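Undergrad: Residue numbers (the working numbering), protein chains in the order written: chain A, 1 to 467; chain B, 1 to 467.
Sharing a structure, written as structure tokens. Questions coming.
Number of protein chains: 2
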Amino acid sequence: MSHAPIKPRTPPGVMELLPRDQIAFQRMLDTIRRNYERFGFLPVETPVMELSEVLLTKSGGETERQVYFVQSTGALGKAAQGEGDGLPELALRFDLTVPLARYVAEHEHDLAFPFRRYQMQRVYRGERAQRGRFREFYQCDIDVVGKDSLSTRFDAEIPAVIHAVFSELAIGRFTIQLNNRKLMRGFFEAQGVVDPDLQARVLREVDKLDKRGADYVRETLTGDGFGLSPESVAAILAFVGIRSTSHADALARLDALDPSNGALQEGVAELREVLELVRALGVPESDYALNFSIARGLDYYTGTVYETTLDDYPQIGSICSGGRYENLASHYTKSKLPGVGISIGLTRLFWQLREAGLVKTADSSVQVLVTQMDAESLPHCLSLARELRDAGLNTEVVMEPSKLARQFKYADKAGIRFVTVLGADEIGKGTVTVKDLRRADQFEVARAELAQALRVELAQPDMEARA
Amino acid sequence: MSHAPIKPRTPPGVMELLPRDQIAFQRMLDTIRRNYERFGFLPVETPVMELSEVLLTKSGGETERQVYFVQSTGALGKAAQGEGDGLPELALRFDLTVPLARYVAEHEHDLAFPFRRYQMQRVYRGERAQRGRFREFYQCDIDVVGKDSLSTRFDAEIPAVIHAVFSELAIGRFTIQLNNRKLMRGFFEAQGVVDPDLQARVLREVDKLDKRGADYVRETLTGDGFGLSPESVAAILAFVGIRSTSHADALARLDALDPSNGALQEGVAELREVLELVRALGVPESDYALNFSIARGLDYYTGTVYETTLDDYPQIGSICSGGRYENLASHYTKSKLPGVGISIGLTRLFWQLREAGLVKTADSSVQVLVTQMDAESLPHCLSLARELRDAGLNTEVVMEPSKLARQFKYADKAGIRFVTVLGADEIGKGTVTVKDLRRADQFEVARAELAQALRVELAQPDMEARA
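As structure tokens, this is what we get:
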């Protein structure tokens, strides 16, 4: 063709991976899914496109400003001719919570409650292009949604799921941090900070503690915009600084709170129950803690709230967050649907973990490369590959003959661990020569025993690090 | 809230499933992925949004008319004020082939060739709304892409993959049908049908054989629009009617073709090599056949072409199609990138299989329900659940106590196979009572042996059908 090539490139703000990074990413997705399923959550997938009218129930918010709208060629033509009225009919989901609300309301009569679902799909936001900010990213969510009511006990399952997921992901020590919105509300009201918007603004100032220091925050909160008393500010700063150091310490911290404050004590009772059951679920006490500075979205969460941080990488921030909400789907149904859930933003997390050197390019998903000595041996190679595949081994065959050294080099570069050699000698003896590129080891084995031998090797724990 | 609820609903032309159907769908996706990986294909995911300029290299085609364009709120505002020039910047992918071409061209220097990739993602087409037509649907593709050249041997791997996938999907007997575009071209040229467009038009008429009958097709092809001789038409109809009945018959059919026709014999040689290696790869000869009526996209495929049909459900049409192409990414790079690949349109296939009663609602992904006799036993239930989960069993715990009969009914309705009962009696003896809802069987087992006992049960082949 004579035309100049178009430069092949992706739009800004998306993450596209080379295969071995994709394998690493896929393994994380698989681990999360496996653990979500292990805790009895059921899979749901929703369409990437929702009706704009259904998706954008709250108008004018930050979210709507970031929404991507979708138009077919036909709809676009009509809009250009001024025939369209207002917003395009379709838009891309910007999270998995609104689709969950729509799904539960739409299928309410076909679902069993409490409804436990997981959903792991990509969402879309027209973010400002910026390093580490993504316009397309995976969210991996679980939620338990009750009808009319949902026991606080369900709040205790969530840390157990978080613990299982991040233990298996093996990205380092982590702490699941717990707080409770009722407890916070009760405390702030007692300090004279009654209006929820004011609470939110106070918390935003408190968030600047690390950056600006205590003096700055104290001055701001006692200053014109807030007008809090120095005593209240001191109490607030002491409160939000509370972190428990063990299970017993967490209970003691709760015991120390004002017993006469009703709203606060509601939160205390909920946190006590959650802590007790989190322990019964086997989460080690080193891996969870109270943290009274955690608030999450103040307009949405109403009870327990969660954040999880990596102990050695606090700068990464929360890697998994969520909480308890009062009513999931008030825009779509008159049924009251309280719930509790969390979300892992995997695309951003993966990016951060790579930046921190905590995830590496994976070995190939191909476990065995069947090399080819010469064209005559190809049928033997193909039937060997068939035996390996039938035994469940991911196997690639060299289809175009080349020098054996080149085939080995290919396997090494591709991250394939085992290479088989099937020469005239081996074919005559009914054996296969195997090179283990990870252990730099070589052995000959009867062909009938090859698959089993490789499976044993692969089942052994991975003792050696690989670059 | 006082506003009237918005009716929760999905846009037309998408498939959204209830959890147990989603589980059935997910199992098909997993099976396809497992087999793609077993044959040494590497995972790739690309962003759902591509730059329009990159995606729409060919202008004015049917495809472009069906494209969905994407605009952020900001871009939409500018377009409304007439500031936009032409098409929106972003569009949703309409297949996985164009993204593959872009990906390979973009990452050419980071990939090893032949590059073997699989990709299983959703694609978007602004189809006319119609029963069984989807605007969002999964494609599950594999391709092997060579640099400069790619041996015909790779064409032989594809039927082996198809065979592995559909054997394991277990949706009934199937036949992988093979043809070769060079063979077809050689044959048609010998009948005086030289122009590729004319060949395409002739094949379109031939496609009407079943519906309109041979007389109609014969009249059309000898009539004004085509002007073929009655002898040519007879030869064409005989040719496109050829189906082989065994491996030997396939070779005999090829032997019987005009040995003096060079182009045709090129195709014959390729098909012979493919047939030989397909056999070496262990595909039973009952499961593949020559079918000289198969053409696929005439402007794209240049060698081997594939279609796969269910023997007992021919009306479903091809469930997996593809072929060999000359150059994947001529729009993006000057490198020559020949390849061979197939695609399974899983959303449509799943829909058709459900309509035909060939896939059923799955059992729950939850394998065990831990019931709760009373609130006091909850900690015991939670630690039992923990043991089961640690042993790899997907386990749900009843968190809110209710009558045991109600808990059993819930498990049955939800498709959960095992239900455990942990009463004061069992707690005292260190045992668990298990009810197997599938076998309507009940047994008591030492708690330490429970997980292993359930794993043995679950590993046994599924002998009984469930509605």
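In this text, a Cβ means the ideal position worked out from N, Cα and C, and glycines have one as well.
The structure presented is a predicted model; accordingly, all values stated were derived computationally and were not measured.
#1: Taking the straight line between their C-alpha atoms, what separation do you get for A/TYR288 and A/ILE158?
#2: Out of B/PHE25, B/GLU45 and B/ARG173, which has the shortest C-alpha to C-alpha gap to B/ASP311?
#3: What would DSSP say about A/GLU444, mapped onto helix, strand or coil?
#4: Unbroken beta strand (DSSP E) runs of length 3 or more, entirely within the stretch 154-180 of chain B: which are they?
#5: Starting from A/LEU90, find everything on chain B with Cβ-Cβ shorter than 7 Å and list it in chain order.
#6: Quick one: give me the first and last residue of the alpha helix (DSSP H) that B/ASP148 is part of.
#7: What is the DSSP secondary structure of B/GLY192, counted as helix, strand or coil?
#8: Determine, using beta carbons only, whether A/ILE6 comes closer than 8 Å to chain B.
#9: I need the boundaries of the beta strand (DSSP E) containing B/PHE115, first residue and last residue.
#10: Hey, is B/LEU458's beta-carbon within less than 8 Å of any beta-carbon in chain A?
#11: Below 7 Å CB to CB, which residues in the same chain sit around B/ALA129 once its five sequence neighbours on both sides are set aside?
#12: For B/ARG55, tell me which candidate among B/LYS78, B/GLY40 and B/VAL123 has the shortest Cα-Cα distance.
#13: Using a Cβ-Cβ cut-off of less than 8 Å, give me the residues of the stretch 319-349 of chain B that come near chain A, in sequence order.
#14: So, under 8 Å CB-CB, A/PHE418 and A/ASP436 are touching, yes? Tell me the CB distance rounded to an integer number of Å.
#15: State yes or no: is the beta carbon of B/SER293 nearer than 8 Å to at least one beta carbon in chain A?
#16: Report yes or no: is there a C-beta of chain A within less than 8 Å of the C-beta of B/ARG430?
#17: Where does B/PHE408 fall in DSSP's three states?
#18: Within the 8 Å Cβ cut-off, does B/THR97 reach chain A?
#19: Distance cutoff 8 Å, beta carbons only. Does B/SER402 sit that close to anything in chain A?
#20: Distance check for A/GLY322 and A/GLU53, CA to CA, integer angstroms please.
#21: Taking 7 Å as the cut-off, is the C-beta of B/ALA105 nearer than that to any heavy atom in the ligand COA?
#22: B/VAL359 to B/GLU285, Cα distance in whole Å?
#23: Alpha carbons only, please: which of A/PHE188, A/GLY227, A/GLY223 and A/LEU237 is nearest the one belonging to A/LYS208?
#24: Would you kindly work out how many angstroms separate the C-alpha atoms of B/GLY223 and B/ALA200, rounded to a whole number?
#25: Take the Cβ of A/PRO314 as the centre, count every other Cβ of all protein chains shown within 10 Å, and call the residue buried at 16 or more, exposed below.
#26: Considering only DSSP beta bridges, list what B/CYS320 is partnered with.
#27: Interface residues of chain A around B/TYR410 at Cβ under 8 Å?
#28: Determine, using beta carbons only, whether B/MET49 comes closer than 8 Å to chain A.
#29: Report the rounded CA-to-CA distance for B/THR220 versus B/ALA235, giving the unit in angstroms.
#30: With a threshold of 8 Å between beta carbons, is A/GLU168 in contact with chain B?
#31: List the DSSP bridge partners of B/LYS435.
#32: Along the chain, where does the beta strand (DSSP E) containing B/ALA112 start, and where does it finish?
#33: From A/TYR216 to A/GLY267, what distance separates their C-alpha atoms?
#34: Within the same chain, show all residues whose beta-carbon is closer than 7 Å to that of B/ARG125, passing over the 5 residues directly before and after it, in chain order.
#35: According to DSSP, which residues form a beta bridge with B/ALA91?
#36: For chain B, check one thing: does any of its Cβ atoms lie closer than 8 Å to the Cβ of A/LYS208?
TA: Taking the geometry as given:
#1: Counting from one through the first sequence, the residue named residue 288 of chain A turns up at place 288. Counting from one through the first sequence, the residue named residue 158 of chain A turns up at place 158. So the alpha carbons of these two residues sit roughly 12 Å apart.
#2: For the purposes of this step, residue 311 of chain B is identified with residue 311 of the second sequence, where counting begins at 1. Nearest C-alpha to B/ASP311: B/ARG173.
#3: For the purposes of this step, residue 444 of chain A is taken as residue 444 along the first sequence, with counting starting at 1. It is a strand residue.
#4: 174-180
#5: Residue numbering aside, residue 90 of chain A sits at position 90 when the first sequence is read from its first letter. By Cβ distance, chain B contributes PRO11.
#6: Walking along the second sequence from the start, residue 148 of chain B turns up at place 148. It is not in any alpha helix (DSSP H) - B/ASP148 carries neither H nor E in the DSSP assignment.
#7: Within the second sequence, the letter at position 192 stands for residue 192 of chain B. The answer is coil: DSSP assigns B/GLY192 none of H, G, I, E or B.
#8: Translated into the one-based positions of the first sequence, residue 6 of chain A becomes position 6. Judged by the 8 Å Cβ criterion, A/ILE6 is in contact with chain B.
#9: As a first step, residue 115 of chain B must be located in the second sequence, where it is residue number 115. Unbroken beta strand (DSSP E) run through B/PHE115: 115-124.
#10: In the second sequence, counting from the first residue as 1, residue 458 of chain B sits at position 458. Chain A, which has no Cβ nearer than 8 Å to the Cβ of B/LEU458, makes this no.
#11: For the purposes of this step, residue 129 of chain B is taken as residue 129 along the second sequence, with counting starting at 1. PRO12 and GLY13, listed in sequence order.
#12: Stepping through the second sequence from its first residue, residue 55 of chain B is reached at position 55. Checking the displayed sequence, the identity of residue 55 of chain B turns out to be Leu instead of Arg. Nearest C-alpha to B/LEU55: B/VAL123.
#13: ALA329, SER330, HIS331, TYR332, THR333 and LYS334
#14: On the first sequence, position 418 is the one that residue 418 of chain A refers to. On the first sequence, position 436 is the one that residue 436 of chain A refers to. At roughly 6 Å, the Cβ-Cβ gap stays under 8 Å, so A/PHE418 and A/ASP436 are in contact.
#15: By 1-based counting over the second sequence, the position of residue 293 of chain B is 293. Not closer than 8 Å to any Cβ of chain A, the Cβ of B/SER293 fails to qualify, so no.
#16: In the second sequence, the residue the question calls residue 430 of chain B occupies position 430. Note that residue 430 of chain B corresponds to Gly in the displayed sequence, not to Arg. Chain A contact via Cβ: absent.
#17: For the purposes of this step, residue 408 of chain B is taken as the residue at position 408 of the second sequence. Of the three classes helix, strand and coil, the one that applies to B/PHE408 here is helix, per DSSP.
#18: Against the second sequence, residue 97 of chain B aligns to sequence position 97. Cβ-Cβ to chain A under 8 Å: no for B/THR97.
#19: The sequence position of residue 402 of chain B within the second sequence is 402, counting from 1. So no, B/SER402 is outside the interface.
#20: As a first step, residue 53 of chain A must be located in the first sequence, where it is residue number 53. As a first step, residue 322 of chain A must be located in the first sequence, where it is residue number 322. Cα to Cα, A/GLU53 sits roughly 26 Å from A/GLY322.
#21: Only the bare structure without any ligand can be found here, which leaves the ligand COA out of the picture.
#22: Reading the second sequence from its first residue, position 359 is the one you call residue 359 of chain B. Reading the second sequence from its first residue, position 285 is the one you call residue 285 of chain B. Going from the Cα of B/VAL359 to the Cα of B/GLU285 covers about 26 Å.
#23: Counting from one through the first sequence, the residue named residue 208 of chain A turns up at place 208. Nearest option by C-alpha distance: A/LEU237.
#24: Locating residue 223 of chain B in the second sequence gives position 223, where the first residue counts as 1. Locating residue 200 of chain B in the second sequence gives position 200, where the first residue counts as 1. Roughly 17 Å between the two C-alpha positions.
#25: Walking along the first sequence from the start, residue 314 of chain A turns up at place 314. With fewer than 16 other Cβ atoms within 10 Å, it is exposed.
#26: In the second sequence, residue 320 of chain B corresponds to position 320, counting from 1. Answer is B/THR308, bridged to B/CYS320.
#27: Numbered from its first residue, the second sequence carries residue 410 of chain B at position 410. The answer, in chain order, is ALA112.
#28: As a working note, residue 49 of chain B is residue 49 in the second sequence. B/MET49 counts as touching chain A.
#29: Stepping through the second sequence from its first residue, residue 220 of chain B is reached at position 220. Stepping through the second sequence from its first residue, residue 235 of chain B is reached at position 235. Roughly 15 Å between the two C-alpha positions.
#30: On the first sequence, position 168 is the one that residue 168 of chain A refers to. Taking Cβ atoms only, chain B never reaches closer than 8 Å to A/GLU168, which makes this a no.
#31: Here the question's residue 435 of chain B lines up with position 435 in the second sequence. Partner(s): B/VAL419 and B/GLN442.
#32: Residue mapping note: residue 112 of chain B aligns to position 112 of the second sequence, counting from 1. Careful: B/ALA112 lies outside any beta strand (DSSP E) and carries neither H nor E.
#33: For the purposes of this step, residue 216 of chain A is identified with residue 216 of the first sequence, where counting begins at 1. For the purposes of this step, residue 267 of chain A is identified with residue 267 of the first sequence, where counting begins at 1. Approximately 30 Å, taken between the alpha carbons.
#34: The residue you call residue 125 of chain B lines up with position 125 of the second sequence. GLN66, PHE94 and ARG135, listed in sequence order.
#35: Counted from its first residue, the second sequence places residue 91 of chain B at position 91. B/GLU50 and B/PHE69.
#36: Locating residue 208 of chain A in the first sequence gives position 208, counting from the first residue. So no, A/LYS208 is outside the interface.
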